[in-house]
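All remarks here apply to the structure that follows.
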Amino acid sequence: MAEFKNKIALAKALWSNMQIIKVKPSLNWFLIKYMGKFNLLNIDGQLIIHSHLPSINSKAFTRFINEHLLARTEGPSHAQIGLTNACPQNCLYCYNKKRKGELLNTSEIKQAIQELKKMGVFWLGFTGGEPLLNKDIVEIVKSVGDDCAIKLFTTGINLTEQLAVDLKKAGLLYVSISLDHWAEKEHDRIRGYIGAFRTALRAIDLFKSIGVHVSVSAVISRKMLQGNQVQEFLKFLIDLGVHEAWLSETKPTVEAFWNEASVITEEERLSLVRLQDKYNKEGKITVNYLGHFEGREHFGCNAGNKMVYLDAFGEVSPCVFTPMTFGNVRDKSVQAVFGEMKKHFPSESCCFINRNYALLKKYSRGEAPISKENTLEMMKEVRFSPMSRFSRLNKKR
Ligand code: SF4
Numbered sequence: 002m003a004e005f006k007n008k009i010a011l012a013k014a015l016w017s018n019m020q021i022i023k024v025k026p027s028l029n030w031f032l033i034k035y036m037g038k039f040n041l042l043n044i045d046g047q048l049i050i051h052s053h054l055p056s057i058n059s060k061a062f063t064r065f066i067n068e069h070l071l072a073r074t075e076g077p078s079h080a081q082i083g084l085t086n087a088c089p090q091n092c093l094y095c096y097n098k099k100r101k102g103e104l105l106n107t108s109e110i111k112q113a114i115q116e117l118k119k120m121g122v123f124w125l126g127f128t129g130g131e132p133l134l135n136k137d138i139v140e141i142v143k144s145v146g147d148d149c150a151i152k153l154f155t156t157g158i159n160l161t162e163q164l165a166v167d168l169k170k171a172g173l174l175y176v177s178i179s180l181d182h183w184a185e186k187e188h189d190r191i192r193g194y195i196g197a198f199r200t201a202l203r204a205i206d207l208f209k210s211i212g213v214h215v216s217v218s219a220v221i222s223r224k225m226l227q228g229n230q231v232q233e234f235l236k237f238l239i240d241l242g243v244h245e246a247w248l249s250e251t252k253p254t255v256e257a258f259w260n261e262a263s264v265i266t267e268e269e270r271l272s273l274v275r276l277q278d279k280y281n282k283e284g285k286i287t288v289n290y291l292g293h294f295e296g297r298e299h300f301g302c303n304a305g306n307k308m309v310y311l312d313a314f315g316e317v318s319p320c321v322f323t324p325m326t327f328g329n330v331r332d333k334s335v336q337a338v339f340g341e342m343k344k345h346f347p348s349e350s351c352c353f354i355n356r357n358y359a360l361l362k363k364y365s366r367g368e369a370p371i372s373k374e375n376t377l378e379m380m381k382e383v384r385f386s387p388m389s390r391f392s393r394l395n396k397k398r
């Protein structure tokens, strides 16, 4: 019954965007089927499928339809920006820790945001380092505007009640708190920081108490997967009362994981996809596994094509997990660097970094990110997989 009601609410919200009927029927059918796999949440009036998409009754969702489904803009739909590289935690798998340079200042960040929006970005993730260490974070969030969904990825360090309220008022829609394990000692060990677990739990409570959509972003190790511990972890998250589990397997972004034993297999990815569908059917928590959204049967890997990452120093990478640079926004416009990068990145069905980590080994030469010169050399060796279902349906004729 609840599922039926959700489908009705979903249909109503889509109906209010009447122009969607101009989208190809096969694409609309794909979207209805995809969205039907989730329980629609109503958080403070925002109808939310999951936090990788804007709420469906928002201006950002209308931009998704108009700019990406109808106009089929060449620009990105999703972007992440590092607001600082500083972070007191010390995770082994951190995708940013080795990046360095001169930090972008607040006006450079704000300018990049507006450029990204003009290019088509309707979903923006703020990451770091620990983004709450950027003293201008409220001003930056406010500058985004109400036609772009904003998601904050944080450990919870530096969060005060006032800061949480100010971020919500400034337009923050989603927050994702890092939590990798249900056992306090284990989470603190993974994060290299005593107190990480308690900090995360406090942040979850704080954001929930003021009506923000709260997810936990967790990095699932292969060990956890093979030990069938993901279900135990999800039970813990259900008991915590978070809205969503934002799951990713450990990505081979840094040297410690550049080996076959660390990288998830297709069978393991599919087991997480099935687990997601099962939990979402039960409806106690939304499970949003990256390998589901970015799987071949859904939206695929859009690194460098519909996704772009600007690190805290202005280097432009295909996504947060790809330690490569195509240039710096201090030297060229975001659009120019993105345009050059996109020539090398057709949308594909499999995770680029899971497939190509061995090339990082060859070309990194101790650098993170890999210099533009070496990145371009590396790209000559990359072979892409076919397009995902969504990209095939949405491609220009
Ligand atoms: S490379 Fe992997 S993590 Fe990055 S956008 Fe593609 S699927 Fe996602």
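No gaps in the numbering here: position 392 of the sequence shown is 393 in our numbering, and each next residue is one more. By construction, the Cβ of each residue, glycine as well, lies at the ideal position given by its N, Cα and C atoms. Since we're looking at a predicted model, the values are computed, not measured.
Under 7 Å between C-beta atoms of residue i and residue j
i	j	result
V142	L117	no
G83	M120	no
T128	Q90	no
M388	S348	yes
P319	G305	yes
S218	W247	yes
F62	N281	no
S179	T161	no
I49	S59	no
F198	D189	yes
N289	E245	yes
A1	V335	Absent from the structure is residue 1, since the part of the chain shown begins at 2 and ends at 398.
F399	H53	In this structure the chain extends from 2 to 398, so residue 399 is not present and cannot be described.
N86	G37	no
V176	V213	yes
E268	L226	no
R390	E298	yes
Cβ-Cβ separation, residue j to residue i (assumed contact under 8 Å), whole Å
i	j	result
R73	N395	7 Å
V145	I151	6 Å
E250	I265	4 Å
S350	G301	5 Å
V24	L71	6 Å
L134	N97	That belief does not hold up - the Cβ atoms of L134 and N97 are roughly 13 Å apart, past 8 Å.
L273	G292	6 Å
A257	L93	6 Å
Y364	P253	Rounded, the Cβ-Cβ distance is 14 Å, inconsistent with contact.
E341	F322	Actually they are not in contact, since the Cβ atoms of E341 and F322 sit about 20 Å apart, beyond 8 Å.
Distance, residue j Cα to residue i Cα
i	j	result
N329	F314	8 Å
E108	A171	The residue you asked about is not Glu; residue 108 is Ser in the sequence shown. Answer to the nearest angstrom: the Cα atoms are 17 Å apart.
E374	L105	22 Å
L174	V215	9 Å
Q165	I211	The question names Gln, yet the displayed sequence has Ala at residue 165. So the alpha carbons of these two residues sit roughly 8 Å apart.
P370	T287	33 Å
F346	H79	15 Å
L271	I21	31 Å
W30	Q163	43 Å
K99	L361	14 Å
M308	K343	10 Å
I354	V383	11 Å
V220	V255	14 Å
Q115	W124	12 Å
Q47	V317	31 Å
A14	K279	25 Å
G102	W259	24 Å
L202	D181	12 Å
Identify every run of the beta strand (DSSP E) within the segment 187-237, keeping only runs that are complete inside it and at least 3 residues long; order them along the chain.
214-221, all fully within the segment 187-237.
Which complete beta strand (DSSP E) runs does the segment 302-337 hold, if anything under 3 residues is left out?
308-311
Only counting runs of 3 or more residues, tell me where the beta strand (DSSP E) segments fall wholly within the segment 15-102, in order along the chain.
42-44, 47-49 and 79-83
Enumerated in chain order, which unbroken segments of the beta strand (DSSP E) with a length of 3 residues or greater are wholly contained in the segment 236-302?
245-250 and 287-290
In the segment 96-149, which residue ranges form an unbroken beta strand (DSSP E) of at least 3 residues, counting only runs that do not cross its ends?
Complete beta strand (DSSP E) runs here, min 3: 124-128.
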